Structure formats: structure tokens, C-alpha cells
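Protein chains: 2
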Amino acid sequence: MPPPPETSQDTTRHRLLHAASEEFARDGFTAASVRAICDAADANVSAVKYYFGSKEKLYLSVWEVAAAEMVSKEPMPRVEDFDDPRAALRAFIAWFMRLVLTEKDAHPIAGRLLAHETVAPTPGALDVFVRNCAGPIKSEVARIVDAIIGSRLPGKQHGDVVFAVIALCVNAKHSREILTLLGHPPPTTRAGINRMASVMADFAISGLDGFAKQQETR
Amino acid sequence: MPPPPETSQDTTRHRLLHAASEEFARDGFTAASVRAICDAADANVSAVKYYFGSKEKLYLSVWEVAAAEMVSKEPMPRVEDFDDPRAALRAFIAWFMRLVLTEKDAHPIAGRLLAHETVAPTPGALDVFVRNCAGPIKSEVARIVDAIIGSRLPGKQHGDVVFAVIALCVNAKHSREILTLLGHPPPTTRAGINRMASVMADFAISGLDGFAKQQETR
DNA sequence: GAGGAATTGAAACTGCTGTTTGAAACCGGT
DNA sequence: ACCGGTTTCAAACAGCAGTTTCAATTCCTC
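Protein sequences, first through last, are from chains A and B. The first sequence lines up with residues 1 to 218 when you count with my numbering. The second sequence lines up with residues 1001 to 1218 when you count with my numbering.
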């Protein structure tokens, strides 16, 4: 019997993790099935209990990998890396939209996991997701927004504006099926995503400048 | 053979429809269970087959009611009803956000059904939803956007901008759980929704004016 | 090579889903 | 009171979910 190429990447545990990533990313936590994952990983169903304990703990392990991948493959742009906060916003929006829209590029699974988790949170995994992923993104957007509008909006309005910018980045992902049926499918290529991100950045910068002007006249 | 519909208000059929509306609105098509619906309606499980044929046909019936409710309770603002297209946009955003965010006001269920259907479309019901609901909304936003920026953006960009405006309205609903965990829960009262809608309208108008100015300088 | 731990395997368990069945109950018209 | 259609009911169906069991196998160490 010829021994299969047994690198450290080909253990049952790794194959399970890899297959689970794809299933969870495509279908979300609830809709993904343990049996389908194990079939894809060429493993027995009992392996998920043996290696991870349960479906939910397997999901958390997938999230750990995805979060690590997110920060390693293409790091999040930070406002202090730019001279102009508007340039920072452009770069951030492009980065964020590549994150959520790209299917097989820099972030094979993190963006899709993120999309599922946002609209249908998995109770046990939601706080992990918010801490490692949504929280840092929101904080950075808030810092960029502050740098542009000079801050000092009332608290609620400030948060509304921050999440408005985020909404511009994630909507194409969340509403993909509807957009497609309405004749406006979201881009999937890196070039197409960057082009759309540029439009969103124009929109966001003009929108924020409106608030900045509103501040000045006070 | 299943009989034609009744007209009275307390028939089993009517109770089923009412209970199904709430369950589908809260959990979406897949997650809502026929047994839970029948329990809430104080009816036997077989009643859904008897009166509607299947869970999916019951869901379509719920959508019919919701769509009718949507156009009757509070009609969609149209651009020709206003002198200024920016005022039309303000009114439209406020209307749309009330639609998707309100829990027990003018649109008890339509907005929540819409939210579920947008992010997790039900194969059999998606085209009905797009035709009766998403399509008209998108068309009206497009008309308002045209009136503001004077149109003549390249096709793709124009669509991007239209859906950017829509994103501002629906994101708070789609990301409700995340926003709540990040300390910024979406408003639920009519006054709170209107306040947030005003901020989104400011943002959108400034954003669109940016494109309008961009057009002029060409 | 033998012993013992680590891993895999097929099958069953519990519990849920939407659907179907066929008989019982109900109700209005004769 | 009787009939015939309408409506309800409890129960079972087939199927899939995640989890569990425990024997069989593989792997490593002595």
C-alpha cells in the first residue's frame, strides 16, 4: 500500500478543518452539516467529536483559522499609515470590500464566514467574532471618520455614520442574490471590486465632508 | 380537495396565516417550523396541508398579505410628490427605514420578511419578492438619485450608487445583532428611527451631491 | 514481535423536520 | 333524525440533524 503524502497538513484533523471551512463559509453554521463536512474530509462522523468535541467547537476552530488568515494575508489599513485620512478611507474601503466580496483570492473563507455571522449570528461564536473581527473593523472606521469630520458629532449620530460607511462595504455581499436578480450582480474579480470600492469611497467621502462642513458652521 | 378561502376573521385559515406571519417574520422561512406555527395558531399540523397545501405555499400566502399591507398602510413616497428631489430622498429614506426597522407599527411583518428574504432567499418566493417589493423600491430610489445627480453616470456606477443608498437603509436591520453587541443597537421606536433616518439622509444627500458636482465639472 | 494507547469505523440513539394518513367530529340542509 | 360534505385530530411516515457507542484497526513504544 503506497503511503499517502503524509505531511503535517494531511492529518484527519487538518482535513476536517479545511472541509469545515468551505462548508461553513458556503452555507453558514446551521445549514452546514457534520456529515457533509466529514464526507468532504474523507473522515468518519465521529472524528469531529474526537478532535473537536462538537460541531460548535469545530466552528470556533474554523473561526480561529479564518481570523488568523484575515490579519496575515492582507493586513487592515490603519489611519496613521496615510498622510490624508481620505486616502486612508479609500484604502480601507477597498480592503474591506475585497475581504467580504472576494471568493478565492486573499481571503478564501473569512469574508464569507463574516457575512453569514453578521446576518445570522451563531450564539456561541458571536462574541468571538465581534471581538476578533467586527470590533477592530468598527474601531478603525471610527478613527478614520473622526479624522475626516473632526469628530464631535453627538454619540448616536457618530455611530450611525460609522456604520453607514460599513454598510456601503458589506451590502453588496449581504444582498448578493437580490442584486443579481435586479440585474446588478456584485463584482467578483479583484479589479471589479476595486472599481466598485472606488465609487463607494467617493460616496462616503462626500457624505462625511457634508458632516464636516456642518461642524464648521456651528 | 382543499376548499377556497374564507372571509371571516377567526377561521383556522386566518389564525394560521396570522401565526405564520409572526413565525416567518421572526425566524425566516427555513428556521420557522410548521409545528410552532400550528401551536401558535391553536391548530393541528395537518391544517397547513389542508388549507395551503404545503409550508412553502403558506409562506407565499403570507407574502401576499405582507405585500398588500406594505402598499396600503403607508404608501411609498414618489419623487414627483415633492418639489425638491432631496426632500423626496429624505422622505423615502425615512419611509424605508420605518419599513425595515419597525416591529409593531405600520408594517408589523413586511419589513422583517424582507430582511430575511434579502440575505437568505427562499428559492420559490424570491422572484415574487423581487417583483412586488425589491424591484419597485430600487426603481424609485433610482429615479430620486437621477433627479439629484442629473444622471449620466456610467451604468455600473449608477447602480452602485443606487444600492449604496439602499444599503444605508437596510444595514441596521441586517446587522442588528452585531450592532447591538458593539454597543450601538438600532432604534425601534418611530421617533428613534426617524432620527437615524435623518442622519442617513444627510449622509446620502452629501454623497450624491459629490457625484452631481463631479458631473458638472466634466 | 507484543502491549497499550491513539485513531477510525459502522451503526444506532435521540430529537427534530415537513408531510401524510384515515378515522373521528362537526355542521348545515333535507 | 339522517345524510354528506367540511373540518379537525392523533398518530405515524420518511428523512435528516448532531451526538454517542463500542468494537476494530492502526500506530508507536518498549
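We put the beta carbon where it would ideally sit given N, CA and C, even for glycine. Since the structure is predicted, the reported quantities are computational estimates derived from the model, not experimental observations.
Is the region 1013-1029 of chain B touching the region 131-142 of chain A in the sense that three or more CB pairs, one from each, lie closer than 8 Å? These segments do not touch.
I need the straight-line Cα distance from G1124(B) to L1113(B), nearest angstrom please. Here the C-alpha atom of G1124(B) lies approximately 14 Å from the C-alpha atom of L1113(B).
Alpha carbons only, please: which of E177(A), T30(A), T12(A), R152(A) is nearest the one belonging to Y213(A)? It should be noted that the sequence gives Lys, not Tyr, for residue 213(A). It is R152(A) whose Cα lies nearest to the Cα of K213(A).
Contact list for D1027(B) against chain A, beta-carbon separation under 7 Å: The premise fails here: D1027(B) is roughly 10 Å from chain A at the closest Cβ pair, so nothing lies under 7 Å.
When burial is assigned at 16 or more other CB atoms within 10 Å of the CB, is P1186(B) buried or exposed? Counting the other CB atoms within 10 Å of its CB gives P1186(B) a total of 16 or more, which places it among the buried residues.
Buried or exposed: where does R1098(B) fall if 16 or more other Cβ atoms within 10 Å of its Cβ makes it buried? Classification for R1098(B): buried.
For I109(A), the first and last residue of its enclosing alpha helix (DSSP H): Looking at the DSSP string, I109(A) is not in any alpha helix (DSSP H), and its letter there is neither H nor E.
CB L1168(B) to CB M1200(B), shorter than 7 Å? Contact: yes.
Comparing the C-beta of V1222(B) with each C-beta of chain A, is any distance below 7 Å? Examination of residue 1222(B) is not possible in this model, given that chain B is present from 1001 through 1218 alone.
Output, in chain order, the set of chain B residues within a Cβ distance shorter than 9 Å of T118(A). Result: V1119, H1174, S1175, E1177, I1178.
Taking the alpha carbon of I1148(B) as the reference point, which residue from V1100(B), D1160(B), A1087(B), H1184(B) has its own alpha carbon closest? Out of V1100(B), D1160(B), A1087(B), H1184(B), A1087(B) has the C-alpha closest to the C-alpha of I1148(B).
If you measure between the beta carbons of I144(A) and V79(A), is that distance less than 7 Å? For I144(A) and V79(A), yes; Cβs fall inside 7 Å.
Quick one: list the residues of chain B neighbouring K138(A), beta-carbon separation under 8 Å, in chain order. For K138(A), the neighbours in chain B by C-beta distance under 8 Å run, in chain order, L1182.
Listed in chain order, which residues of the region 63-97 of chain A have Cβ atoms closer than 9 Å to some Cβ of chain B? Identification of residues in the region 63-97 of chain A having a C-beta nearer than 9 Å to some C-beta of chain B yields an empty set.
Quick one: using the 10 Å Cβ neighbour count with 16 as the cut-off for buried, is K1073(B) buried or exposed? Taking all protein chains shown into account, K1073(B) has fewer than 16 neighbouring C-beta atoms within 10 Å of its C-beta and is therefore exposed.
My guess is that T118(A) and V170(A) are in contact by the Cβ rule of under 8 Å, so how many angstroms apart are they, rounded? Indeed they touch by this definition, with Cβ atoms about 7 Å apart.
Please state if the CB of G1111(B) and the CB of F203(A) are separated by a distance shorter than 7 Å. No, they are not a contact pair.
Which residues of chain A have a Cβ atom closer than 8 Å to the Cβ of V1130(B), listed in chain order? In chain order: I178, L181, L182.
First through last residue of the alpha helix (DSSP H) which encompasses T12(A): Note, T12(A): alpha helix (DSSP H), 12-31.
Below 8 Å on C-beta distance, what does D1146(B) contact in chain A? Those do not exist, as D1146(B) stays about 15 Å from chain A at its closest Cβ, beyond 8 Å.
Do you know offhand how far F211(A)'s Cα is from T30(A)'s? The alpha-carbon atoms of F211(A) and T30(A) are separated by roughly 41 Å.
F1129(B) classed as buried or exposed, judged by whether at least 16 other C-beta atoms fall within 10 angstroms: Counting Cβ neighbours within 10 Å, F1129(B) comes out buried, since at least 16 surround it.
Let me see if you follow: with CB-CB separation under 7 Å, is L1060(B) close to chain A or not? No, L1060(B) does not count as interfacial toward chain A.
Judging by CA-CA distance, which residue of I109(A), V141(A), V65(A), V45(A) is the nearest neighbour of P85(A)? Ranking I109(A), V141(A), V65(A), V45(A) by Cα distance to P85(A) puts V141(A) first.
Would you say D1042(B) reaches chain A, if we count a Cβ-Cβ gap shorter than 7 Å as a contact? No, its Cβ sits nowhere closer than 7 Å to a Cβ of chain A.
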